[in-house]
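Notes for the one structure printed next.
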Amino acid sequence: MSSIQGLAFTGKFHVQNKTWSAVDAYTQEHVHPPTTSNYQVLLDALRNSRDKGLPDIATAPTVAKMYALQCKARGVKHALEFGTLGGYTSIWLATVNPGLQVTSLEINEHHKAVAQENLEKAGVADRVTIRLGPALDVLPQLASEIASGAKPKLGFVYIDADKQNNWNYLDRVIALCEPGAVIYVDNIVRGGTLVDPENQDERTQGARRVVENAGKDDRVDSVVMQFVGEKGYDGMLMAVVR
Ligand code: DHB
Ligand code: MG
16 MSSIQGLAFT GKFHVQNKTW SAVDAYTQEH VHPPTTSNYQ VLLDALRNSR DKGLPDIATA
76 PTVAKMYALQ CKARGVKHAL EFGTLGGYTS IWLATVNPGL QVTSLEINEH HKAVAQENLE
136 KAGVADRVTI RLGPALDVLP QLASEIASGA KPKLGFVYID ADKQNNWNYL DRVIALCEPG
196 AVIYVDNIVR GGTLVDPENQ DERTQGARRV VENAGKDDRV DSVVMQFVGE KGYDGMLMAV
256 VR
């Protein structure tokens with residue numbers, strides 16, 4: 016069974032594979048067992064998000080935990096997420112990192128309301144702030160708070176929103192980051208459709224644009240990692256700020 020901590024994905028992803036799902040299930044059972052302190056709150060957040068009609072596209076637990084551990088390894092004080100959805104990734108980041116504040120941008124009022132419930136239930140609402148609106152409109156306010164010292168520079172950024180804006184988000188956020196900050200862009204490989212220049216899907220075009228532009232940008236060092244698991248075959252772009 017494909018499972019996300021016991022919840023089966025409804026599965027609208029490009030490619031699925033029993034072995035990939037089984038490896039996630041086996042490894043998660045061992046490295047993130049139900050006795051782990053944030054296990055139940057994460058499961059509750061997924062259940063509540065599903066019950067309230069949110070799309071079943073939260074970041075996979077393995078990937079979200081990897082992000083949380085990256086924040087821990089870098090000692091990140093301030094993380095930014097584009098695309099809150101139900102707050103699942105934010106809960107991972109905040110529960111693994113007690114000293115971390117998370118800013119999360121969301122355009123959908125219903126998603127924000129459900130995420131707020133989930134954050135409160137998870138006990139991290141005091142450290143995760145959701146800002147409602149189109150990210151490119153909301154970013155200048157965050158930029159001025161960082162410039163004034165009211166908020167620390169960003170040490171970690173996760174871009175997982177409207178894919179056509181991948182590059183715009185990466186381009187704008189670099190100035191808000193500390194040197195060595197790590198930026199990830201989700202859903203880049205897209206079942207391999209990334210390599211098809213004729214693909215008309217604007218999400219694929221958004222993935223190609225950010226890969227091509229990141230490589231030309233001397234503010235970051237970038238790599239794309241392919242990734243398989245219970246959510247199929249996808250991958251992310253990682254950019255490290257110089
Ligand atoms: C979709 C969006 C995502 O961010 C993701 O990780 C998977 C799927 C989507 O819009 O279908
Ligand atoms: Mg995604």
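Going left to right, the sequence shown walks through residues 16 to 257 as my numbering numbers them.
The beta carbon of each residue, even a glycine, is placed where N, CA and C say it ideally should be.
No experiment lies behind these values; they were computed from the predicted model shown.
Keeping to the same chain, check which residues put their C-beta closer than 6 Å to that of residue i; ignore five residues upstream and five downstream.
i, result
"ARG187", "LEU154"
"THR144", "THR118"
What does the Cβ neighbour count give for residue i, buried or exposed, with the cut at 16 atoms within 10 Å?
i, result
"LYS33", "exposed"
"GLN179", "exposed"
"ALA88", "exposed"
"ASP66", "exposed"
"ARG257", "exposed"
"ARG234", "exposed"
"ARG246", "It should be noted that the sequence gives Lys, not Arg, for residue 246. Classification for LYS246: buried."
"MET16", "Bear in mind that the predicted position of MET16 carries a pLDDT of just 34, short of 50, making it too unreliable to give a figure here."
"LYS231", "exposed"
Is any heavy atom in the ligand DHB found nearer than 6 Å to the beta carbon of residue i?
i, result
"ILE72", "yes"
Give me, in chain order, the residues of the same chain whose beta-carbon lies closer than 8 Å to that of residue i; leave out the 5 immediate sequence neighbours on both sides.
i, result
"GLU124", "LEU147"
"LYS92", "GLY114, LEU115, GLN116, PRO167 and GLY170"
"LEU157", "LEU95, THR118, ARG146, LYS166 and LEU191"
"ASN63", "GLY101, VAL129, GLU132, ASN133 and LYS136"
"PRO70", "LEU100"
"ASN265", "Given that the chain is displayed from residue 16 to residue 257, the structure contains no residue 265 and the question cannot be resolved."
"PRO48", "TYR54"
"PHE242", "VAL78, VAL204, TYR248, ASP249, GLY250 and MET251"
Using C-beta distances below 7 Å, list every residue in its chain close to residue i, excluding the 5 sequence neighbours before and after it, in chain order.
i, result
"GLU160", "LYS166"
Specify which residues have a beta carbon nearer than 5 Å to any heavy atom of the ligand MG, listing them in chain order. ASP175, ASP201 and ASN202
Beta strand (DSSP E) runs wholly inside the segment 188–243, at least 3 long, in chain order: 192–200
Fully enclosed by the segment 47–87, which alpha helix (DSSP H) runs are 4 residues long or longer? 54–66
In chain order, which continuous runs of the beta strand (DSSP E) of length 3 or greater are located wholly inside the segment 78–164? 93–97, 116–121 and 143–147
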